[in-house]
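*Asks:* Submitted below is the structure of interest, expressed as structure tokens.
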Amino acid sequence: PFLPVAARAVRFFGAPTPRMWSHATLVSHDERGRTLDVAVHDESGACVVLVEGLRIRELDPSAATRGPGRLEDALHVVAWPVAAARRRLPRAVPPASWLVLEDDAGVGQALVDALQRRGDRCVRVTKGRALARIAEDRFELDPARPEDVHAIVEELRRGDRPACRGVVHLWSLDDAPPPPPDAEASVERLSAEAAALGAQQVHGTAVVLHTLRELAGQRWAESPRLWLATRGAQRLEEDPPSVTAAVSPSAAALWGLGRTIAQEHPDLFGAMIDLDATRAPEPSARALLRELVEPDGEPQIALRGDHRHVARLRRARALAAQERPWVCRPDASYLVTGGLGGLGLLVARGLVERGARRLVLMGRTALPPRHAWGSISPQSRAFAQVTAVRALEAQGVSVHLAAVDVGDAAQLAGFLQQFRAEGWPPIRGVVHLAGVLQDRILVRLDAAMLGAVVHAKVVGAWLLHRLLAGEALDFFVSSSSIAAVLGSAGQGNYAAANAFLGALAHHRRAAGLPAHAIDWGPWAEVGVASRDRGRLASRGIEGLEPDAPMLLWPHDALDGAGLQRHEISAMVLVSAPERVRQQVDVWRARRGAVGSRMQIAEVRCPGRLDREQLATFWRACARPRVLLRGDSGWTSEGAAWLRSLGANVEVQGRATQLSLI
């Protein structure tokens, strides 16, 4: 048997008739499948439909139980092993200044006290409605006003203060715990919740961006570092479900943002530190203090009890055969947000293949009325969407098209109420794909760009979680992005919003509700991620095939998993290669070469590239893709030389280290 996976064009020349016949012409074939042109005729011989460039793949009869095959090599998770003990090196440290964005729970107060006992000086800032000096070195500011942050940084740079060593962001520690699932919550209450969540995400992120912009715009003898602290935002295996369920998932967005800061501004990035949600302020502050004054270069840290955990990207365990098959109920409905997008229609087809017979495809933009479908221009996006809907309905599937803004509580609640009143079968599965892109580098992101991404991804997911609390769902899948795990230069808002989805999945599961969040890599042919696949490909991340989602979800093994295709053959670092060996666990995934581990070598660059070392390493590798970081003097020289060898080189910003990835 063969499975159709794509078509270049579909043209309609007439209305379908009860009896038709088709003629297929083989255009080409290769190891990945065949390409056909298919003409469908009515009984008179007139062509009714012409499908050009139809791609089909041979379907292995065991595919339903074998699962994704090669894609399993691309499945990774973020693990949190306990870090090895650090050696304490005695060294004289001159007094320093710190900017502490202080929480209300007491961690900031305890941290400031500890820093001051060391002889350091702290400028303390709390949230307020306007910039105000409360006391010496104590201020309030409005997080939405960048000019307030500018004034604080200017205060920090006053000539009588010691050099600023860092900024510590603790405001996320005040995030309120989420309300319990409540199917009876009023629309007014949910609207207020949604507005508060959106504002919290935008303002919580905006103050970090304002601070980063100020730090990046100043000249420093030694760049201060930005440290982001959360409490319980990262889910570790040892965390009790009761704690995870009680922690707000909103703080997790800072981790997506922080990973992007590490890419765009490595010279200003300190680390992200997740505090133990069960610990009192004083021990939390002591543990945080050590990270600030004795950093070891770990960028992602979780503190639990007396243990220090560090983030590592690792291969996920292989899926057992019995875990893979799953089916949809023919007597249930399945909701797909972003349902008329490329990925949404792909998922819709996959749900039908798994047995679904009633789909709700939801999106903000309505299709033309059905009576006008025949007059839609074949060159329009609506024509492709209508064609896809008709193809689903031709298989006996009932498709409910819902023009709803999933981030609007009143619209979503009103739709669900009407949907139930009309007697449709209950919703038993949700796939949340809605999202928008507003790409900018971090120092140019504004509140509107943050809000647009947060509205669809974050607020939409939260409202689905709240409004479907009374439904007996079989699955609740959020489509996230590897941007949440790796960061993505130019997409800090997108990375932050996707990080929230992973935390929401953990929150739901801790509360006994079904949830999966999958951090997809770029799609080869569909979805918003496909637009950026050129940049990701230059980082060694290959596009996913269109059949990936239905092969891999929803399985317990995938909770918080990232799916990414890597074609990386080498990594070169100027320092700490052993830690990188521990951190990166990626296999080459080229056809015919799956399974060979990536190579890592060390190159030290005191002022110029050590060409002999690099050339030796180059000969041992197969044309690695290269990401080059360093100050402009030797990155430009190094990039030119590496390109002369045939490397795909990306030069990124200023940094104190050179990384060839």
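Be aware that the sequence shown starts at 8, since it is given in my numbering, and climbs by one per residue. By construction, the Cβ of each residue, glycine as well, lies at the ideal position given by its N, Cα and C atoms. Since the structure is predicted, the reported quantities are computational estimates derived from the model, not experimental observations.
Quick check: what's the CA-CA separation for residue 103 versus residue 299?
*Replies:* 12 Å
*Asks:* Pick out whichever of 268, 286, 148 and 285 has its Cα sitting closest to the Cα of residue 2.
*Replies:* Here the chain covers residues 8 to 668 and nothing more, so residue 2 does not appear.
*Asks:* So, helix, strand or coil for residue 384, using DSSP?
*Replies:* coil
*Asks:* May I ask which residues mark the beginning and end of the alpha helix (DSSP H) holding residue 105?
*Replies:* Residue 105 -> not in any alpha helix (DSSP H); beta strand (DSSP E) instead, spanning 104 to 108.
*Asks:* State the DSSP-derived secondary structure class of residue 402, mapped to helix, strand or coil.
*Replies:* coil
*Asks:* Could you give the DSSP three-state label for residue 217: helix, strand or coil?
*Replies:* Here residue 217 carries a helix assignment [DSSP, helix/strand/coil].
*Asks:* Residue 468 lies in the alpha helix (DSSP H); which residues open and close that run?
*Replies:* 467 to 474
*Asks:* For residue 316 and residue 489, what's the separation of their Cα atoms in angstroms?
*Replies:* Each residue's alpha carbon lies about 21 Å from the other.
*Asks:* Using a Cβ-Cβ cut-off of 8 Å, state whether residue 60 counts as contacting chain C.
*Replies:* In the structure shown, chain C does not exist; there is a single protein chain.
*Asks:* Residue 464 bridges to which residues according to DSSP?
*Replies:* Looking at the DSSP output, residue 464 shares a beta bridge with no other residue.
*Asks:* Please report the residue range of the beta strand (DSSP E) in which residue 46 lies.
*Replies:* 40 to 49
*Asks:* Rounded to the nearest angstrom, how far is the Cβ of residue 410 from that of residue 349, given a contact under 8 Å?
*Replies:* Contact flag wrong, Cβ pair sits at about 18 Å.
*Asks:* Could you say if the segment 20 to 32 and the segment 48 to 65 meet the contact criterion of at least three C-beta pairs nearer than 8 Å?
*Replies:* Result yes; three or more Cβ-Cβ pairs closer than 8 Å.
*Asks:* Among 431, 506 and 446, which residue has its Cα nearest to the Cα of residue 464?
*Replies:* Proximity to residue 464 across 431, 506 and 446 peaks at 506, based on C-alpha coordinates.
*Asks:* Where does residue 59 sit, in a helix, a strand or coil, going by DSSP?
*Replies:* If DSSP states are grouped into helix, strand and coil, residue 59 belongs with the strands.
*Asks:* Nearest to residue 100 by alpha carbon, out of 449, 108 and 127?
*Replies:* 127
*Asks:* What would DSSP say about residue 370, mapped onto helix, strand or coil?
*Replies:* strand
*Asks:* Does the structure place the segment 493 to 504 close enough to the segment 237 to 245 that three or more beta carbon pairs sit under 8 Å?
*Replies:* By the C-beta criterion, the segment 237 to 245 is judged not to be in contact with the segment 493 to 504, since fewer than 3 inter-stretch pairs fall below 8 Å.
*Asks:* In the DSSP assignment, the beta strand (DSSP E) including residue 28 goes from what residue to what residue?
*Replies:* 27 to 37
*Asks:* Mind checking whether the beta-carbon of residue 394 lies closer than 7 Å to any heavy atom of the ligand ATP?
*Replies:* Looking at this structure, you won't find the ligand ATP or any other ligand, since it has none at all.
*Asks:* Would you call the CB atoms of residue 131 and residue 107 closer than 8 Å?
*Replies:* yes
*Asks:* Give the DSSP bridge partners of residue 65, in chain order.
*Replies:* 9, per the DSSP bridge assignment.
*Asks:* Please state the DSSP three-state secondary structure of residue 422.
*Replies:* helix
*Asks:* Among 376, 399 and 401, whose alpha-carbon lies nearest the alpha-carbon of residue 389?
*Replies:* 376
*Asks:* Note the first and the last residue of the continuous beta strand (DSSP E) segment covering residue 251.
*Replies:* Looking at the DSSP string, residue 251 is not in any beta strand (DSSP E); the run it does join, the alpha helix (DSSP H), is 248 to 253.
*Asks:* First and last residue of the alpha helix (DSSP H) that includes residue 116?
*Replies:* Membership of residue 116 in the alpha helix (DSSP H) is indicated by the continuous run 114 to 124.
*Asks:* Taking the beta strand (DSSP E) that residue 147 belongs to, which residues open and close that run?
*Replies:* Judged by DSSP secondary structure, residue 147 falls within the beta strand (DSSP E) whose first and last residues are 145 to 148.
*Asks:* Going by beta carbon distance, what residues of the same chain come within less than 6 Å of residue 347, once the five residues before and after it are set aside?
*Replies:* Within the same chain, 368, 370 and 392 come within 6 Å of residue 347 by CB-CB distance, once the 5 residues on both sides are set aside.
*Asks:* Is residue 33 buried or exposed, if buried means 16 or more other CB atoms sit within 10 Å of its CB?
*Replies:* exposed
*Asks:* Could you check if residue 65 is buried or exposed, using at least 16 other CB atoms within 10 Å of its CB as the buried criterion?
*Replies:* That one is exposed.
*Asks:* From 12, 222 and 205, pick the residue whose C-alpha is nearest to that of residue 455; which is it?
*Replies:* 205
*Asks:* Since residue 238 is in the beta strand (DSSP E), which residue starts that stretch and which ends it?
*Replies:* 232 to 238
*Asks:* Looking only at C-alpha atoms, which of 336, 379 and 450 sits nearest to residue 358?
*Replies:* 336
*Asks:* Since residue 138 and residue 148 are thought to touch, with beta carbons under 8 Å apart, how far apart are those beta carbons, to the nearest angstrom?
*Replies:* Right, the Cβ-Cβ distance comes to about 5 Å (below 8 Å), so this counts as a contact.
*Asks:* Can you give the Cα-Cα distance for residue 470 and residue 431, rounded to whole angstroms?
*Replies:* 21 Å
*Asks:* With distances taken Cα to Cα, identify the nearest neighbour of residue 35 among 19, 54, 62 and 17.
*Replies:* 62
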